[in-house]
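Novice: I am attaching a structure below and will ask some questions about it afterwards.
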């Protein structure tokens, strides 16, 4: 409720909602379903739905039964044995989910992978998936989107996890379901296969003509009819309930965003509807197919398909679907923008880190140059000492020659001079050798340390450069994806404007104002114009 604008319009809207719920409490469920369509209000919507089911669902079923019992055209006799079979099948349905939960506890699959798969496969479930925090909540959401005769969604996730022991669970349920599906439709009347959406725009109603073979129709025939009409989309259509009057009426639920695909599939398979003696088919607000009955005493019933209010009902259904798609696209673009912003911040941080590392490397290079200068100085000193040593050796040779000349005459002088020379040269040579060895060791240590540091810094620089390259490529892909989403949004808004202009032209040409109360054109135009202006302003900001 806090998301509504704090003004007179918001207060008036809240007041209208309260009045509507007070008049008919069942509208509270429809209001909760609408809240579940947006991520921001999904939690509130789920809480209202859970409370509603706990407090009002039993009353709804009692009211429905009493209403049906009083209507002359819906006098239904539901055998007690079939009630028991329905209860058993419902318990087997719940036990199957419980068995799956207990088995996968030992080796739970990745929760985020399951959530992503659900969002990519059923985008309408995105708000509910966002509120799931563990495997149990995921299984509860899957059970709400399965029915007694179709648990394929659960089977998919179980097969992906490849956990032993689950095959037997599904085998037992499928055997029971096969036997259950071969029961005649007349025995399923009013049996609830799955939770029905309270919104008219998410319901499919199929009315099948009653003839001499109607009593032989089985549950599997309903599933076959759904597959024949909707093909691959049939997995998104959930059977809710079967009723009987002058004809069988099958009610199903579907995600609102698939309206255009389901309507197109049904229109392409009108022949199948005729072959299966379908009298009427309604998808949301739009009557896709309807037959007028005209009987004579001598001929069989003749059928003719009639288009019923295509301009208003079809536009209303498709506009609702497009609005939901637009909301989901805006949320997805916002998420991508946030991810892109985070990637840019991370890239900036990495660049700063790389710059700091480069500064440290430059400092080490300067220090290395200083060590090289010191080594050069030591080398120069070593060469100087070597030169001095050579000079001393030359002096020694000269002295030896002079000593040889005077050896015969002055033996005592020779001994004294020789001792003096040795005592003078030996300490110098020892000192020079020690200094040379010390300098060589220092040079070797410095060279090894410098080489190690250079290798380490080179590796780190290469890793940082690779990471920056990867981040840049990911950023480019994200930017492309954002641009594609923005283009899709612009095209959607343009299509909305064209549809609204076309509808205005039709309304003005026909001089009819009956449909304008159901579908506010001017308000849609303003909303489309505002959304277009907001898109243009966002593009200018980005530029």
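In full-length UniProt numbering, the protein residues as written are 1 to 543.
Glycine is no exception: its CB is placed at the ideal position from the N, C-alpha and C atoms.
1. List the whole-angstrom C-beta distance separating residue 488 from residue 329, where the pair is believed to meet the contact cut-off of C-beta under 8 Å.
2. In whole angstroms, give me the CA-to-CA distance for residue 440 and residue 465.
3. Going by DSSP in three states, residue 446 sits in which element: helix, strand or coil?
4. Within 10 angstroms of its Cβ, does residue 284 collect 16 or more other Cβ (buried), or is it exposed?
5. With distance defined between alpha-carbon atoms, name the residue in 288, 174, 380, 260 nearest to residue 270.
6. Where do the N-terminal and C-terminal ends of the alpha helix (DSSP H) with residue 278 fall, by residue?
7. Which two residues bound the contiguous alpha helix (DSSP H) that contains residue 290?
8. In angstroms, rounded to a whole number, what distance separates the CA positions of residue 371 and residue 433?
9. Taking C-alpha atoms, which residue in 461, 130, 43, 333 lies nearest to residue 356?
10. Taking the beta carbon of residue 459 as the centre, do at least 16 other beta carbons fall within 10 Å, making it buried, or is it exposed?
11. Can you give me the start and stop residues for the alpha helix (DSSP H) that residue 140 sits inside?
12. Identify which residue in 118, 140, 152, 482 has its Cα closest to the Cα of residue 334.
13. According to DSSP, which residues form a beta bridge with residue 150?
14. Reducing DSSP to helix, strand and coil, say where residue 206 ends up.
15. Determine the direct distance from the alpha carbon of residue 97 to that of residue 140, and round the result to whole angstroms.
16. Does the region 369-386 touch the region 441-448, meaning 3 or more C-beta pairs lie closer than 8 Å?
17. So, is residue 317 buried or exposed, given that buried needs 16 or more other C-beta atoms within 10 angstroms?
18. Figure out for me which residue from 352, 447, 348 has the closest Cα to the Cα of residue 367.
19. Fully enclosed by the region 322-349, which alpha helix (DSSP H) runs are 4 residues long or longer?
20. Under 9 Å between C-beta atoms, does residue 490 make it to chain C?
21. Could you check the C-alpha separation between residue 389 and residue 429 for me, to the nearest Å?
22. Throw me the rounded Cβ distance for the residue 135 and residue 126 pair, which I believe falls under 8 Å.
23. Closest to residue 504 by CA distance: which of 324, 402, 315 is it?
24. Does DSSP classify residue 110 as helix, strand or coil?
25. Would the beta-carbon of residue 204 fall within 9 Å of that of residue 252?
26. Would you say residue 105 and residue 336 are within 9 Å of each other, going by their C-beta atoms?
Specialist: In short, the structure shows the following:
1. 6 Å
2. 37 Å
3. helix
4. buried
5. 288
6. Premise fails: residue 278 lies in the beta strand (DSSP E), 278-283, not in any alpha helix (DSSP H).
7. No alpha helix (DSSP H) contains residue 290, which is instead part of the beta strand (DSSP E) from 286-290.
8. 22 Å
9. In terms of Cα proximity to residue 356, the closest of 461, 130, 43, 333 is 461.
10. Within a 10 Å sphere around the beta-carbon of residue 459 sit fewer than 16 other beta-carbons, which makes this residue exposed.
11. 135-144
12. 482
13. 147
14. strand
15. 9 Å
16. The answer is yes - the region 369-386 touches the region 441-448, with three or more Cβ pairs under 8 Å.
17. buried
18. 447
19. none
20. Given the protein chain composition of this structure (a single chain), no chain C is represented.
21. Cα atoms of residue 389 and residue 429: separation of roughly 7 Å, rounded to the nearest angstrom.
22. 19 Å between Cβ atoms; not a contact.
23. When each option's Cα is compared against that of residue 504, the closest is 315.
24. coil
25. yes
26. Not closer than 9 Å, so no.
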